[in-house]
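Contents: one structure, followed by commentary.
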Amino acid sequence: GDWMTALANTFAEDFGSTIVEIQVGAGPCGELRYPSYVQRFGWRFPGIGVFQVYDKYASAALTMAILSAEGARNWELPPVDAGDYNSRPDQTGSFTDGYLSPTGSFFLNWYFD
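With the working numbering applied, the sequence shown covers 2 to 114.
This is how it looks when you write it as structure tokens:
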């Protein structure tokens with residue numbers, strides 16, 4: 002209800018052109034999950050999952066954002082120290098203090114926008 006209405010209102014001018022398909026998954030137990038994970042890759046609770054930025058559209062958007070960011074041309078994004086599906090936050094550089102760096106802050110702002 003409310004989420005879909007907000008989505009439709011926010012992106013109304015893009016439907017049919019930029020946005021041609023929407024897929025909404027509710028997770029294997031009916032709940033939305035973050036972080037994302039793929040069970041067939043061996044995810045175990047409380048693994049942090051991975052950032053989902055590897056399709057061609059997300060990669061292109063991230064590349065364009067990096068190229069337009071001042072001083073960011075040598076950044077390695079998405080973060081290479083974010084762990085994997087089964088990592089705990091305390092086992093990764095990104096989740097312990099990397100998010101505080103200019104690179105980490107830029108990436109998280111881009112990712113969540």
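Don't be surprised by glycine CBs; every beta carbon is placed ideally from N, CA and C.
DSSP state of residue i mapped onto helix, strand, coil
| i | result |
| --- | --- |
| F16 | strand |
| D3 | helix |
| Y55 | coil |
Chain-order list of residues whose beta-carbon lies under 8 Å from that of residue i (same chain, five-residue window excluded)
| i | result |
| --- | --- |
| Y58 | none |
| I23 | L8 |
| Q92 | G84 |
8 Å contact criterion, which residue i and residue j should meet: CB distance rounded
| i | j | result |
| --- | --- | --- |
| T104 | L78 | 7 Å |
Contacting residues, own chain, Cβ-Cβ under 7 Å from residue i (five flanking each side not counted)
| i | result |
| --- | --- |
| S88 | G48, I49 |
| F12 | I20 |
| S18 | none |
| D56 | none |
| F108 | L78, P79, P80 |
Residue j beta carbon less than 8 Å from that of residue i
| i | j | result |
| --- | --- | --- |
| S95 | P80 | yes |
| V51 | A83 | yes |
| W111 | A61 | no |
Near the ligand COA: residue i beta-carbon under 7 Å from a heavy atom
| i | result |
| --- | --- |
| G48 | By its list of ligands, the structure shown contains no ligand whatsoever, and the ligand COA lies outside what it can speak to. |
Write down every uninterrupted run of the alpha helix (DSSP H) in the region 61-114 whose length is 4 residues or greater and which is fully enclosed by it, in chain order.
94-97, 103-113
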